[in-house]
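K.L.:
Attaching a single structure in structure tokens format; questions to follow.
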Amino acid sequence: MLTLDEATALLSAARTAATEQGVPMSLAVMDPAGHLLAFARMDRAPWISADVAQGKAWTAAAYGTPSHAQKEKMEPMPNFAGALTSMTHGRYTPQTGAVPVYRDGTLLGAVGASGGTGDEDQAVCSSAVASEGFATSA
Numbered sequence: 012m013l014t015l016d017e018a019t020a021l022l023s024a025a026r027t028a029a030t031e032q033g034v035p036m037s038l039a040v041m042d043p044a045g046h047l048l049a050f051a052r053m054d055r056a057p058w059i060s061a062d063v064a065q066g067k068a069w070t071a072a073a074y075g076t077p078s079h080a081q082k083e084k085m086e087p088m089p090n091f092a093g094a095l096t097s098m099t100h101g102r103y104t105p106q107t108g109a110v111p112v113y114r115d116g117t118l119l120g121a122v123g124a125s126g127g128t129g130d131e132d133q134a135v136c137s138s139a140v141a142s143e144g145f146a147t148s149a
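Going by my numbering, the first residue of the sequence shown is number 12, and it counts up by one from there.
So this is what it looks like as structure tokens:
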């Protein structure tokens with residue numbers, strides 16, 4: 012599991028990447044069980060982005076894959092995606108914009124972002140993970 016210092020460093024790195032992109036975002040860091048470790052909503056980020064970033068990070072942590080993988084998997088099964096979202100009380104968010112965080116093949120958590128396009132969100136998360144010396148896959 013990520014330490015609080017590591018989660019804070021990931022959050023800071025994601026905020027820096029979002030600032031460099033010029034896109035205000037909400038950013039969330041979860042542990043591998045989907046519990047929130049660190050969160051920030053940048054000035055001018057859409058208010059709804061706070062919940063979306065957490066949902067994306069929860070989804071990446073739950074499956075140990077980028078949230079985009081769940082988006083692709085669920086596209087032909089919208090009813091099942093809706094059922095999963097309902098069963099998880101809205102946490103399951105199969106959209107592009109979050110990546111898992113691994114060290115030495117062990118899932119430590121996930122980073123999610125919302126406020127830009129899905130690709131912009133995911134780029135911010137991937138940049139943060141790489142800059143802090145973690146990996147996005149086992």
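Yeah, the Cβ is synthetic: ideal placement off N, Cα and C, and Gly gets one too.
Among F91, F50, A44, whose alpha-carbon lies nearest the alpha-carbon of T70?
P.N.:
Nearest C-alpha to T70: A44.
K.L.:
Which one or two residues does DSSP pair with S138 in a beta bridge?
P.N.:
DSSP lists no partner for S138.
K.L.:
Give me the Cα-Cα distance between S148 and P35, rounded to the nearest whole angstrom.
P.N.:
Approximately 26 Å between the Cα atoms of the pair.
K.L.:
Quick one: give me the first and last residue of the alpha helix (DSSP H) that T117 is part of.
P.N.:
From DSSP, T117 is part of no alpha helix (DSSP H) but of the beta strand (DSSP E) over 117-125.
K.L.:
In angstroms with no decimal places, state the Cα-to-Cα distance between F91 and R26.
P.N.:
F91 and R26: Cα-Cα distance of roughly 33 Å.
K.L.:
May I have the straight-line CA-CA distance separating T76 from V110, to the nearest angstrom?
P.N.:
Looking at the two C-alpha atoms, the distance is approximately 6 Å.
K.L.:
Does the separation of the CB atoms of G123 and V112 fall below 8 Å?
P.N.:
Against a cut-off of 8 Å, the Cβ pair of V112 and G123 comes out as no contact.
K.L.:
Can you check which of these residues, A51, R52, S78, is closest to G108 by C-alpha distance?
P.N.:
G108 has its Cα closest to that of S78, out of A51, R52, S78.
K.L.:
If we require 3 or more residues per run, which beta strand (DSSP E) segments fall completely within the region 67-122?
P.N.:
Here the runs fully enclosed are 109-114.
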